[in-house]
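Visitor: Counted from 1, the sequence shown has number 233 at position 233 by our numbering; the numbering is strictly sequential. The beta carbon of each residue, even a glycine, is placed where N, CA and C say it ideally should be. Here's a structure for you.
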Amino acid sequence: MEISVIGTGYVGLVTGVCLAHIGNEVTCIDIDKEKVNTLKKGISPIYEEGLTELMEENIKNGKLNFTSDYKEGLQGKKVVYIAVGTPQSDDGSADLTFVNRACESIAQNLEDDVIIVTKSTVPVGTNEYIKQKIEMDLKKEVNIKIASNPEFLRQGSAVYDTFNGDRIVIGSDDEHALELLEKINEGFGLPILKTDLRSAEMIKYASNAFLATKISFINEMANLSEKIGANIDLVAKGIGMDKRIGENFLNAGIGYGGSCFPKDTRAIISIGKQADYPMPILENVVDANERQRDILVDKVLNSYKDIHGKRIAVLGLAFKPNTDDMREAPSISVTEKLLEHGAIISAYDPVAIDNAKKVLSSKVTYATGIEEAIDGADLVLILTEWAEIKRFPLENYKAYMAKPIIFDGRNCHSLEAARASGVEYHSIGRPSIK
Ligand code: UGA
């Protein structure tokens, strides 16, 4: 099938590359010419495991092309995916600027009938709007069908998830569009759920909202466990064994971040407001997550009333491991608060330092490794559960710090290991080891 994909962010690029890999002829369109030139060389601008290999292979066999020219990119295509960003507006709703721009460019350059497929996360009802908008601006009389195909990919494992996810959702009010998209998607080998247009749009928001709720829930249980002397590891295990609850996504920590959960939870609350339906559960999920980001600094301040002039090593800056993404990373507010209280910060992250420099205060200094960051530090804060940080034995901190005190915001170490190491160890939802 001849397909174009508009937008080469992490969703668009992974979608385009993987659609080419299952045998389609794909042209990815992006208005950023410089980016397109890099992509043409097989270089991925984002860090996604396995993506570069698939890109190279499919560029070589002619299945995957890149262009910044809409006319060229849309020529002869039967299906056009929209995968541009929908960032958060000031009022929490999804900003559709890039979607609008993509619609205008599609309308100007379409020559044949197409199915438009929306991958971008858009408010319920937007697909109908997209169809109308393109139809209104069309230069040539062509027939347009619209479908929603939300993505459920995790950053860092997006290629893996494309072929190993739990389901593919295709929503359309047009039977022919549903059939054709089902055929295209069969190549991924996942269960396919066909729905109407609005339900597909809603499934995306409801999925992310549920997962965010699960995290805020387990964090609330963790905070209470700590107060009453229970251990959240065991609590999570015990509740997760109930299949109705499920064992995944029950890791307590300093809250969720990234480009999806914070944005999509606020967006669904905003959709509720527009529908005149308040969403108190999700409002509390968002508030609880904001508060959770302060938990670790609060613990530090409870133990040490004055951290002015204290040297603090911050390990892990990205919003989660295996990505260099700093969007809504808890490290942003944690470092801000530490600096407000006069701490001196030496930070380390295996891949996110370049991006961190763009968003963290210039007062933060960066180390090239864990050892350098903790050398001579008074306290250590762990903010991201990178494998490298988890593997670094707790005893080793003793070689670099006079009296190692660790505040672990991601429960990277077992309490047994902490006890055996002899370091002072505070974590989330578990008793402190002193
Ligand atoms: C999330 C969803 O998992 C994807 O299904 C969805 O497609 C994507 O958003 C999106 O809408 O594009 P992602 O943001 O890449 O994917 O990351 P996750 O791995 O889901 O983690 C999100 C945040 O939750 C991270 O900050 C992570 O540290 C936190 N988290 C996750 C926890 O605090 N505890 C957990 O048990 C799991």
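Following the continuous beta strand (DSSP E) through Glu395, name the residue where it begins and the one where it ends.
Guide: Neither: Glu395 is in no beta strand (DSSP E) and is coded neither H nor E.
Visitor: Secondary structure at Phe152, three-state DSSP: helix, strand or coil?
Guide: Three-state result, Phe152: coil.
Visitor: Going along the chain, which residues of its own chain have a beta-carbon closer than 7 angstroms to the beta-carbon of Arg293, five neighbours each way excluded?
Guide: Closer than 7 angstroms at the Cβ level, and outside the excluded window around Arg293, lie Ile254, Gly255, Pro330, Ser333 and Val334.
Visitor: Can Asp375 be considered in contact with the ligand UGA, in the sense that its beta carbon sits closer than 7 angstroms to one or more heavy atoms?
Guide: Checking every heavy atom of the ligand UGA against the Cβ of Asp375, none is found closer than 7 angstroms.
Visitor: Quick one: is the Cβ of Asn208 within less than 7 angstroms of any heavy atom of the ligand UGA?
Guide: Yes, the ligand UGA has a heavy atom inside 7 angstroms of this Cβ.
Visitor: Between His341 and Ile370, how many whole angstroms is the CB-CB distance? I'm expecting something under 8 angstroms.
Guide: Not a contact, Cβ separation roughly 23 angstroms.
Visitor: Is Val121 near the ligand UGA, with its Cβ less than 7 angstroms from a heavy atom?
Guide: Just to set this straight, residue 121 is Thr in the shown sequence, not Val. Yes; taking the cut-off as 7 angstroms, the Cβ of Thr121 has a heavy atom of the ligand UGA nearer than that.
Visitor: Does the contact criterion of 3 or more C-beta pairs under 8 angstroms hold for the region 148 to 159 versus the region 224 to 236?
Guide: These segments do not touch.
Visitor: For His21, which three-state DSSP category applies?
Guide: His21 falls in the helix class under three-state DSSP.
Visitor: So is the beta-carbon of Glu201 under 7 angstroms away from any non-hydrogen atom of the ligand UGA?
Guide: No, since every heavy atom of the ligand UGA falls outside the 7 angstroms radius drawn around the Cβ of Glu201.
Visitor: Taking C-alpha atoms, which residue in Tyr366, Ser259, Leu379 and Lys305 lies nearest to Thr86?
Guide: Answer by Cα proximity: Ser259.
Visitor: Just to check my reading of the structure: Ile115 and Ala83 have Cβ atoms closer than 8 angstroms, yes? What is that Cβ distance to the nearest angstrom?
Guide: About 15 angstroms separates the two Cβ atoms, so there is no contact after all.
Visitor: Quick one: grab the DSSP three-state call for Ile268.
Guide: It is helical.
Visitor: Residues bridged to Gly171 by DSSP?
Guide: Gly171 pairs with Ser148 and Thr195.
Visitor: Name the one or two DSSP bridge partners that Ser346 has.
Guide: Partner(s): Ala313 and Thr365.
Visitor: List the residues that DSSP assigns as beta-bridge partners of Gln88.
Guide: Paired residue(s): Ala94.
Visitor: Taking only the alpha-carbon atoms, compute the straight-line gap between Lys119 and Tyr70 and give it to the nearest angstrom.
Guide: So the two alpha carbons sit approximately 18 angstroms from each other.
Visitor: On a Cα-Cα basis, can you pick out the residue from Ala420, Cys18, Val285 and Ile295 that is closest to Glu56?
Guide: Among Ala420, Cys18, Val285 and Ile295, the Cα nearest to that of Glu56 belongs to Cys18.
Visitor: Along the chain, which unbroken stretches of the alpha helix (DSSP H) at least 4 residues long are found entirely within the region 200 to 274?
Guide: Segments of the alpha helix (DSSP H) lying fully in the region 200 to 274: 232 to 240 and 261 to 274.
Visitor: Considering just the uninterrupted stretch of the alpha helix (DSSP H) at Ile130, what are its terminal residues?
Guide: Element bounds for Ile130: Thr126 to Asp137.
Visitor: Let me check you understand the geometry: is the CB of Ile211 closer than 7 angstroms to at least one non-hydrogen atom of the ligand UGA?
Guide: The question names Ile, yet the displayed sequence has Leu at residue 211. It does: the Cβ of Leu211 is within 7 angstroms (strictly closer) of some heavy atom of the ligand UGA.
Visitor: So the candidates are Asp354, Tyr160 and Leu110; which of them puts its Cα closest to the Cα of Val142?
Guide: With distances taken between Cα atoms, Val142 lies closest to Leu110.
Visitor: Quick one: give me the first and last residue of the alpha helix (DSSP H) that Glu49 is part of.
Guide: From DSSP, Glu49 is part of no alpha helix (DSSP H); its letter is neither H nor E.
Visitor: Helix, strand or coil, according to DSSP, for Leu379 in the structure here?
Guide: Looking at Leu379 - three-state DSSP - the assignment turns out to be strand.
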